[in-house]
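Report on one structure; see the data block that follows.
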Amino acid sequence: MTLLCPVCSLALHREAGSMRCENNHCFDFAKEGYLNLLTGNKKKGSETGDNKDMALSRRSFLSKGYFDTLLNAVDDLFCSLHNENAAILDICCGEGYYSAELKKRHPQADIIGFDLSKEMIRLAAKRKSGNTYIVANLFRIPLPDNSIEFAFHLFAPFGEEEFLRILKPGGILDTAVAGENHLWQMKEVLYEKPYKNDEKPPHTTLPFTEKQRADGRIFLDNNEDVFSMFKMTPYFYHTPSEGIAKLQQVPQLETEISFALYIYKKPVL
Ligand SMILES: C[S@@+](CC[C@H](N)C(=O)[O-])C[C@H]1O[C@@H](n2cnc3c(N)ncnc32)[C@H](O)[C@@H]1O
Ligand SMILES: [Zn+2]
741 MTLLCPVCSL ALHREAGSMR CENNHCFDFA KEGYLNLLTG NKKKGSETGD NKDMALSRRS
801 FLSKGYFDTL LNAVDDLFCS LHNENAAILD ICCGEGYYSA ELKKRHPQAD IIGFDLSKEM
861 IRLAAKRKSG NTYIVANLFR IPLPDNSIEF AFHLFAPFGE EEFLRILKPG GILDTAVAGE
921 NHLWQMKEVL YEKPYKNDEK PPHTTLPFTE KQRADGRIFL DNNEDVFSMF KMTPYFYHTP
981 SEGIAKLQQV PQLETEISFA LYIYKKPVL
């Protein structure tokens, strides 16, 4: 898949250990095999994305398959397109679990993942899945217009203009948000009076086609996994210390997981 120079937007061409555009802007591959296409003056949104500790927690938790209900839902939607050679984009791919698993299931697909966090992308590239991983900002995606058939976007900020630009006409965007009862039993430990998630779709004018659900229950038989899961959530930043102390004492936890998937389709003109 063609990548664009983040400075001048011309196509980048492979040259030994780097990618270069015709204006001579050059970007080296990191030793793990990823490319950093973030330019200092183009940052928007959070400065650097998630940090190393969050990246490692996500890696440890997802690798155990706890959220495979979500992976399977994304995969089912992709399979319904009947296009094994599609260009797939994992928007804000984190440490690459979902995109790497999809590559195992669909080796012919051209899969690319990007994230603002270098720590996340480093871990994603280390999976050696055959996918392309880049450090980039969702408000300036270094891909050509009309280049992606299937994009998925799990628990991340929304960038409507760029999502619409990079999708091919007829291309699909699959966006996941936490369902009403997602991690309810963990919230019961953390809070006196837990609230349900609002499950709201992103605020967007992209043409909406369908809402799907993916629900299940998971059993975590050790506190390390419970805590890794907690660190992946926004509650990690907002929970009073008594709640955190209670969660640290929990030897195991069975909890509901629930995902709402909002599906959009770029119009064919
Ligand atoms: C909650 S995590 C979800 C990661 C992945 N989709 C998953 O489900 O495992 C949100 C991710 O969005 C990334 N992120 C935040 N702001 C971003 C931006 N402006 N551009 C690209 N990635 C961003 C963070 O670094 C983080 O990896
Ligand atoms: Zn350039």
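According to our numbering, the sequence shown holds residues 741 to 1009 in order. Even for Gly, the Cβ is constructed at its ideal location relative to N, Cα and C.
**Request:** Please state if the CB of C833 and the CB of D855 are separated by a distance shorter than 7 Å.
**Result:** For D855 and C833, yes; Cβs fall inside 7 Å.
**Message:** With a threshold of 6 Å (Cβ to nearest heavy atom), would N763 be considered close to ligand 2?
**Reply:** Yes, the beta carbon of N763 sits closer than 6 Å to at least one heavy atom of ligand 2.
**Those residues which DSSP pairs with I997 across a bridge** = DSSP lists G956 as partners of I997.
**Message:** I want to check one thing, is the minimum distance from the CB of V747 to the heavy atoms of ligand 3 below 6 Å?
**Reply:** Ligand 3 is not part of this structure, which contains only ligand 1 and ligand 2.
**Request:** Write down the C-beta distance between F818 and F890 rounded to the nearest angstrom, noting that I regard them as a contact closer than 8 Å.
**Result:** 5 Å between Cβ atoms; contact.
**Message:** Just verifying my parser: in three-state terms, what is the DSSP assignment at Y1002?
**Reply:** Three-state result, Y1002: strand.
**Item:** When F970, I984 and I912 are compared against E950, the one with the closest alpha-carbon
**Value:** Cα-wise, what sits closest to E950 is I912.
**Message:** Please tell me whether, using a cut-off of 6 Å, the distance from the CB of N877 to the nearest non-hydrogen atom of ligand 1 is below it.
**Reply:** Answer for N877: yes, Cβ within range of ligand 1.
**Assigned exposure category for A896 - 16 Cβ within 10 Å defines buried** = By the neighbour-count rule (16 or more Cβ atoms within 10 Å), A896 is buried.
**Prompt:** For D938 versus L1001, is the C-beta spacing smaller than 7 Å?
**Reply:** Their beta carbons are not under 7 Å apart, which means D938 does not touch L1001 by this criterion.
**Message:** How far does the beta strand (DSSP E) with R905 in it extend, from its first residue to its last?
**Reply:** Taken as a continuous stretch (DSSP letters only), R905 belongs to no beta strand (DSSP E), being part of the alpha helix (DSSP H) at E900 to I906.
**Close-in-space but distant-in-sequence residues of the same chain around A827 (CB under 7 Å, 5 per side omitted)** = Taken in chain order, the residues that qualify are M741, D850, S887, I888 and E889.
**With 16 other Cβ atoms within 10 Å as the buried cut-off, status of T945** = It counts as exposed.
**heavy atom of ligand 1 below 6 Å from P897 C-beta** = Correct: P897 has its Cβ closer than 6 Å to ligand 1.
**Message:** Let me check one thing: in DSSP terms, what residues is V917 bridge-paired to?
**Reply:** According to DSSP, V917 bridges with A1000.
**Asked** In terms of DSSP beta bridges, what is L875 paired with?
**Response** Leu is not the amino acid found at residue 875; the sequence shown has Val there. N776 and D855.
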